[in-house]
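Chains as they are written, first to last, in our numbering: chain A, 313 to 421; chain B, 313 to 421.
Here is the structure we will look at, set down as structure tokens.
There are 2 protein chains.
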Amino acid sequence: MTDLTTTFAALSDATRFAIVERLMRDGAQAAGDLSDVAPISAPALSRHLKVLREAGIVTQTVDRQRRIYALRPESMMAIDDWITNRRKFWEASLDRLDALVANLEPDND
Amino acid sequence: MTDLTTTFAALSDATRFAIVERLMRDGAQAAGDLSDVAPISAPALSRHLKVLREAGIVTQTVDRQRRIYALRPESMMAIDDWITNRRKFWEASLDRLDALVANLEPDND
DNA sequence: AGGTTAATTAACGCTTTGTGGAAATAAAGA
DNA sequence: TCTTTATTTCCACAAAGCGTTAATTAACCT
Numbered sequence: 313m314t315d316l317t318t319t320f321a322a323l324s325d326a327t328r329f330a331i332v333e334r335l336m337r338d339g340a341q342a343a344g345d346l347s348d349v350a351p352i353s354a355p356a357l358s359r360h361l362k363v364l365r366e367a368g369i370v371t372q373t374v375d376r377q378r379r380i381y382a383l384r385p386e387s388m389m390a391i392d393d394w395i396t397n398r399r400k401f402w403e404a405s406l407d408r409l410d411a412l413v414a415n416l417e418p419d420n421d
Numbered sequence: 313m314t315d316l317t318t319t320f321a322a323l324s325d326a327t328r329f330a331i332v333e334r335l336m337r338d339g340a341q342a343a344g345d346l347s348d349v350a351p352i353s354a355p356a357l358s359r360h361l362k363v364l365r366e367a368g369i370v371t372q373t374v375d376r377q378r379r380i381y382a383l384r385p386e387s388m389m390a391i392d393d394w395i396t397n398r399r400k401f402w403e404a405s406l407d408r409l410d411a412l413v414a415n416l417e418p419d420n421d
């Protein structure tokens with residue numbers, strides 16, 4: 313049961329995000345089958361998979377010489393729970409901002 | 313409209329995550345009022361706020377000498393949309409894993 | 001103007017992260 | 001057993017991230 317910040321850290325890299333999307337779309341796959349998610353070496357891919365594994369986002373099962381990676385739905389559910397539990401807060405935040413900002417000029421970039 | 317990986321990167325730091333939770337709970341606040349989210353210096357806090365701002369997670373409005381930060385609900389909605397749109401995939405992924413794994417031994421850490 | 005408050009930018013060091021190439025591990029197959 | 005296939009670990013190294021203190025900017029208040 314890892315921290316949400318760990319989950320977000322794992323998903324903050326484009327290659328790892330692509331791996332996750334791939335596993336969602338096409339289901340479990342061997343490390344080698346994932347090699348085309350990004351133009352990186354096998355060692356680099358292997359390390360990304362390790363990060364995802366240690367963050368609890370994927371599971372690894374061994375089949376002969378191949379390592380099969382699959383998405384761990386619980387990790388996605390953890391994000392879903394967080395966002396859902398706080399929906400009322402960010403909606404409330406929107407209301408408060410409306411009230412507060414009424415006559416202040418925004419200045420973001 | 314930033315990339316989701318940028319959003320996740322911004323939320324992957326414990327201090328920034330705490331800032332976001334604080335803004336959800338208590339609404340918009342000045343930078344100085346957020347100083348107790350973590351035992352860090354004002355410049356460090358300021359840079360975290362800049363990261364959140366550039367990731368589109370918070371907005372900054374100027375009120376006299378103070379900078380008021382507020383959560384940008386769209387950023388939370390972006391996460392919610394992603395997780396929701398892919399729910400069927402991670403649920404499917406769970407099914408496929410069940411089928412595949414039937415007689416393979418898991419080996420994660 | 002001079003002093004205080006609020007926040008940011010500048011400058012520097014340290015730690016972490018990401019990468020590729022080479023070597024190591026492990027199982028398969030000839 | 002020797003070679004091939006699949007993947008990971010080890011070894012530098014460059015880039016990014018985070019923290020601090022010092023300096024700067026900007027607005028308020030006598």
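Glycine residues also receive a C-beta, built at the ideal position from the N, C-alpha and C atoms.
These numbers were taken from a predicted model, which means no experiment stands behind them.
Exercise. Comparing the CB of E366/A with every heavy atom of the ligand ADP, is any distance shorter than 7 Å?
Worked result: This structure simply doesn't include the ligand ADP, nor any ligand for that matter.
For this session: Could you list which residues in chain B have their beta carbon closer than 8 Å to that of A367/A, in chain order?
Result: Here residue 367/A refers to the residue found at position 55 of the first sequence. The premise fails here: A367/A is roughly 10 Å from chain B at the closest Cβ pair, so nothing lies under 8 Å.
Problem set entry | Where I331/A falls, given that 16 or more other Cβ within 10 Å makes a residue buried | Counting from one through the first sequence, the residue named residue 331/A turns up at place 19. Its Cβ being crowded by 16 or more others within 10 Å, I331/A is buried.
For this session: Express the C-alpha separation of T317/B and A326/A in angstroms, rounding to a whole number.
Result: The sequence position of residue 326/A within the first sequence is 14, counting from 1. The sequence position of residue 317/B within the second sequence is 5, counting from 1. C-alpha separation (whole angstroms): 6 Å.
Exercise. In the DSSP assignment, what residue or residues form a beta bridge with Q372/B?
Worked result: Looking up residue 372/B in the second sequence gives position 60. Y381/B.
Problem set entry | Terminal residues of the alpha helix (DSSP H) in which T317/A lies | Residue numbering aside, residue 317/A sits at position 5 when the first sequence is read from its first letter. It spans 316 to 323 - the alpha helix (DSSP H) in which T317/A sits, taken as one unbroken run.
For this session: Please confirm if L383/B has its CB atom under 8 Å from at least one CB of chain A.
Result: Here residue 383/B is taken as the residue at index 71 of the second sequence, counted from 1. Cβ-Cβ to chain A under 8 Å: yes for L383/B.
For this session: Measure the alpha-carbon distance for Q372/A versus Q377/B and round it to whole angstroms.
Result: Here residue 372/A corresponds to residue number 60 of the first sequence, with the count starting at 1. Here residue 377/B corresponds to residue number 65 of the second sequence, with the count starting at 1. The straight-line gap from Cα to Cα measures roughly 53 Å.
For this session: Have a look at D348/B and A354/B and give me their C-alpha separation to the nearest angstrom.
Result: As a working note, residue 348/B is residue 36 in the second sequence. As a working note, residue 354/B is residue 42 in the second sequence. Approximately 10 Å, taken between the alpha carbons.
For this session: Please state whether DSSP places A342/A in a helix, a strand or coil.
Result: Within the first sequence, residue 342/A is the residue found at index 30, counting from 1. Strand, per DSSP.
For this session: Within the same chain, show all residues whose beta-carbon is closer than 7 Å to that of L335/B, passing over the 5 residues directly before and after it, in chain order.
Result: Stepping through the second sequence from its first residue, residue 335/B is reached at position 23. Contacts found: Q341, V370, Y381, A382, L383.
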